[in-house]
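Beneath this line is the structure, given in structure tokens, with notes to follow.
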Amino acid sequence: MVCSAVLAVYLVRLFGIGHVEVVRSDYLSTQAAGVAIAGGQGHELYVDQTMGPIYNRLAAGDHTDDQLVFNHAPLTAAMNAPISGLDPVSAHVLWSVLQLLLVVGGCAVVAMVAPWPKRTPRALPTAACLVALVGAGTLPMLTEGQDLGTITLGLGLAYAAWRYDRLGAGAAVLVAGAAIAKPHLAVGLVAFMVGWRDRRIIIGTLVGATVVLAVSLAVVGWSGFVGFLGTAVRSNSVLPQSYLVGFTGLVTSWFGDGVVAKVLAGGCSLAVLALAGALGDLVRRDRSRLGPALIGATLLSLLASPHTFVHDLTLLAPMLVVALAEAARRTAGSSVWPNRGTVRVLTVWMLIVVTAGLDSTVTLPAALGRLTTFSLVATALLAASAARTRDGFGADTVTTANEPRASYVL
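Numbered continuously in this note's numbering, the sequence shown closes out at residue 594.
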């Protein structure tokens with residue numbers, strides 16, 4: 185009930201958004217890109233001389249002195265093209281609702297295939313999804329018009345495919361979902377798949393990347409794709425890097441945006457990518473570790489990404505559902521709910537929500553750095569520890585068509 189009410193508040197907040205707020209959000213540059221695609225100007229998608237007038241027209245004279253550059257992947261613009269002819273407020277609302285529905289889809293898929301105990305009440309997977317949907321990233325995703333839907337859905341579908349031993353299909357949908365919108369958030373997940381070292385994973389990764397590349401080239405051509413790469417490299421200078429919640433934001437808040445910060449952030453990122461690869465190796469040797477290992481890899485991916493904001497924490501939503509299912513199964517014989525494992529998972533989830541809220545709304549002393557980074561590190565270490573333990577959150581097996589399991593349709 186509480187989570188349903190919070191989600192309703194989020195939607196009320198979204199539907200009450202006005203033109204001035206939309207213009208100051210991240211969405212307007214995405215709509216400008218959609219207009220360019222719809223107008224057949226995809227090859228100039230990252231050319232300021234082309235995008236500037238479109239952006240200024242949509243802004244209607246407001247905030248035009250601080251134009252936000254479109255720095256997302258080309259297919260994000262292609263997704264937006266069908267609604268780009270709407271007024272900015274309507275398009276923003278519709279776009280955000282679409283992203284939320286994709287996130288709901290990712291959580292629902294996970295809830296249906298996760299290893300719930302056989303006697304789990306049918307309402308529990310639904311409740312897990314609701315808790316996941318009111319996480320730290322959902323509201324800023326909606327109000328900023330961010331595009332977390334495809335990568336979150338891809339992560340949920342990948343987990344489901346891997347549970348059924350469809351390794352290639354899982355890798356393909358994960359890579360494709362990330363490449364459509366937020367490829368930088370998947371660096372740790374790619375390291376996880378590299379550590380897994382399975383031929384089907386490699387083939388699936390190549391297929392997913394090739395399909396997205398081919399479609400992107402059809403939409404924007406080589407010039408547009410090269411423009412995307414250049415814009416992606418320059419995008420970190422758009423906002424102060426101390427706003428970020430990965431290692432880049434933490435070290436920048438301590439040492440400033442200089443060489444020292446870049447070296448330290450790079451070193452920390454390489455370390456956690458190595459850990460993500462080690463988690464993949466654990467799954468290669470024992471598939472029962474998939475749940476906690478994938479949770480850890482997702483957290484490490486957010487930490488290692490050079491460009492992680494609070495809204496990007498939406499990616500954790502389907503992983504919370506996995507964690508709750510694993511915790512419920514580990515104490516399946518308990519007559520008390522929520523059991524100890526579930527309480528621990530929810531406590532850690534609330535820690536991430538609270539620290540992200542503080543980083544977003546309160547100006548903290550520089551000595552504290554970014555509290556969200558510390559909570560993500562602690563949670564990643566807990567997940568990695570659970571993956572190293574044979575029972576982890578509970579013993580797991582690869583599900584096959586003939587194996588009995590708890591199944592829920594939300």
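Built from N, CA and C at the ideal position, the CB exists for glycine as well.
Check whether residue i and residue j have beta carbons under 8 Å apart
i           : j           : result
residue 385 : residue 337 : no
residue 466 : residue 572 : yes
residue 320 : residue 561 : no
residue 484 : residue 564 : yes
residue 344 : residue 355 : no
residue 468 : residue 382 : yes
residue 370 : residue 334 : no
residue 437 : residue 426 : yes
residue 504 : residue 315 : yes
residue 552 : residue 346 : no
residue 478 : residue 506 : yes
Host alpha helix (DSSP H) of residue i (start-end)
i           : result
residue 211 : 211-222
residue 199 : 186-199
residue 167 : The first residue shown for the chain is 185 and the last is 594, placing residue 167 beyond what the model contains.
residue 272 : 272-297
residue 232 : 232-243
residue 565 : 555-572
residue 203 : 203-207
residue 510 : 501-514
residue 427 : Run containing residue 427: none; DSSP gives neither H nor E here.
residue 548 : It is not in any alpha helix (DSSP H) - residue 548 carries neither H nor E in the DSSP assignment.
residue 388 : 383-418
residue 485 : 474-488
residue 376 : 371-380
Cβ-based neighbour list, residue i, same chain, cut-off 6 Å, excluding 5 preceding and 5 following
i           : result
residue 542 : 555
residue 318 : 187, 190, 191
residue 449 : 431, 432, 435
residue 340 : 290, 293, 294, 502
residue 373 : 481, 485
residue 324 : 494, 495
residue 144 : Look at the range of the chain in this structure, 185 to 594, and you will see that residue 144 is not part of it.
residue 226 : 403, 404, 408
residue 279 : 329
residue 297 : 344, 347
Same chain only: Cβ atoms within 7 Å of residue i, ignoring 5 sequence neighbours per side
i           : result
residue 248 : Only weak support is given to the placement of residue 248: the predicted model assigns it a pLDDT of 49, under 50, and the value that follows is read from those uncertain coordinates. So the qualifying residues of the chain are 240.
residue 409 : 258, 400, 401
residue 559 : 535, 536, 539
residue 480 : 463, 564, 567, 568, 571
residue 199 : 277
residue 377 : 355, 385, 389, 464
residue 212 : 206, 239, 242, 243, 252, 272
residue 322 : 194, 498
residue 395 : 360
residue 445 : 435, 436, 439
residue 447 : none
Outcome for residue i when other beta-carbon atoms lying within 10 angstroms are tallied against a minimum of 16
i           : result
residue 392 : buried
residue 218 : buried
residue 245 : exposed
residue 185 : exposed
residue 367 : buried
residue 224 : exposed
residue 210 : buried
residue 266 : exposed
residue 406 : exposed
residue 274 : exposed
residue 215 : buried
residue 545 : exposed
residue 582 : The predicted position of residue 582 is uncertain, since its pLDDT is 44 and thus under 50; a value taken from the coordinates is nonetheless stated next. Exposed.
residue 550 : exposed
residue 526 : buried
residue 451 : exposed
residue 588 : Since pLDDT at residue 588 reaches only 39, below the 50 mark, its modelled position is unreliable, and the value read off the structure follows with that caveat. Residue 588 is exposed by the Cβ-count criterion.
residue 454 : exposed
residue 398 : exposed
residue 379 : buried
Proximal residues to residue i (C-beta, below 8 Å), its chain only, five neighbours per side dropped
i           : result
residue 557 : 429, 430, 431, 433, 434, 487
residue 229 : 217, 220, 221, 235, 254, 258, 261, 404, 408, 411, 412
residue 522 : 530
residue 288 : 313, 317
residue 416 : 255, 368
residue 528 : 511
Minimum Cβ-Cβ distance from residue i to chain C less than 8 Å
i           : result
residue 298 : Given the protein chain composition of this structure (a single chain), no chain C is represented.
Residue i beta carbon near the ligand ATP (any heavy atom closer than 7 Å)
i           : result
residue 484 : Judged by which ligands are present, the structure shown has none, so any question about the ligand ATP falls away.
Three or more C-beta pairs closer than 8 Å, one from the stretch 329-343 and one from the stretch 270-285: is that the case here?
-> yes
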